[in-house]
Amino acid sequence: MVVDALFALLVQIDSSFAFRVSCRAGVCGSCAVRVDGRERLACQTPLSLVGSGVRIEPLRNLPIVKDLVVDLDPFFAKYGAIHPEFRARPLTEPARVTAAERGLVERAINCISCGACHSACDIVGLNKQFVGPAALARAWALVGDGRDADPDARLAAAVGENGAWRCHN
Numbered sequence: 001m002v003v004d005a006l007f008a009l010l011v012q013i014d015s016s017f018a019f020r021v022s023c024r025a026g027v028c029g030s031c032a033v034r035v036d037g038r039e040r041l042a043c044q045t046p047l048s049l050v051g052s053g054v055r056i057e058p059l060r061n062l063p064i065v066k067d068l069v070v071d072l073d074p075f076f077a078k079y080g081a082i083h084p085e086f087r088a089r090p091l092t093e094p095a096r097v098t099a100a101e102r103g104l105v106e107r108a109i110n111c112i113s114c115g116a117c118h119s120a121c122d123i124v125g126l127n128k129q130f131v132g133p134a135a136l137a138r139a140w141a142l143v144g145d146g147r148d149a150d151p152d153a154r155l156a157a158a159v160g161e162n163g164a165w166r167c168h169n
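Each step along the sequence shown adds one to the number in the UniProt record's numbering, with nothing skipped, and position 164 is 164.
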């Protein structure tokens, strides 16, 4: 895996080399980097996939702290703009979510907030106010959840001046 090459670089060549890693199972997203120009999780990307002469870079559209470590504060500030926390509406009986309802938001639900889509998004790079794809995906997941307390307000935040209508991809 690419993360193994990063550890080898740290141990064998440069003990000051900085990168993020945590779970090594593709769950936390902390190891998100660009591998040969594409956003990937280092712990899930086999070296055999990228071949020799691989180029590993930090995520784009975020300030670089050191080496492959980026400052994720701008990413999470944009993510927070759509109020990403689940707020349940009062229920008189258990909520039922159909397979069709779940299917509409499946990919958004599986987001691990790694910032890879933020890096890959050209609009984020052009418009620093644009909330970005991760925030929009989270808004979509919550608006599509029938248990959400205020989908209209969340939708309004997602389609506001710097929301979905700024995306041109």
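Ideal Cβ positions, reconstructed from N, Cα and C, are used throughout, including at glycine.
In DSSP terms, what residue i is bridged to
i: Ile64; result: Val70
i: Asp148; result: Ala88
i: Val35; result: Arg38, Ile56
Integer Cβ distance of residue i from residue j, believed to fall under 8 Å
i: Pro46; j: Leu62; result: Wrong, their Cβ atoms sit about 25 Å apart, outside the cutoff.
i: Ala157; j: Ala81; result: 7 Å
i: His168; j: Ile123; result: 6 Å
i: Val54; j: Asp36; result: 6 Å
i: Ala164; j: Leu136; result: 6 Å
i: Ala18; j: Leu68; result: 7 Å
i: Val11; j: Ile56; result: Going by Cβ atoms, the distance from Val11 to Ile56 rounds to 16 Å, so no, they are not a contact pair.
Start and end residues, alpha helix (DSSP H) containing residue i
i: Cys117; result: 116-120
i: Leu104; result: 99-109
i: Val50; result: 47-50
i: Leu136; result: 133-143
i: Leu6; result: 2-8
Contact between the segment 135-143 and the segment 95-113 (3+ Cβ pairs under 8 Å): With a cut-off of 8 Å on Cβ pairs, the segment 135-143 is in contact with the segment 95-113, counting three or more such pairs.
Any 3 or more C-beta pairs closer than 8 Å across the segment 146-155 and the segment 115-134: No: fewer than three Cβ pairs fall under 8 Å.
Cβ contact check for the segment 150-160 and the segment 79-94: 3 or more pairs under 8 Å: They touch, by the three-pair rule.
contact_flag[the segment 121-133, the segment 97-106] where n(CB pairs < 8 Å) is 3 or more: Touching, no, given that fewer than three Cβ pairs across the two stretches are closer than 8 Å.
Cβ pair count under 8 Å reaching 3, the segment 27-47 against the segment 93-101: Result no; under three Cβ-Cβ pairs closer than 8 Å.
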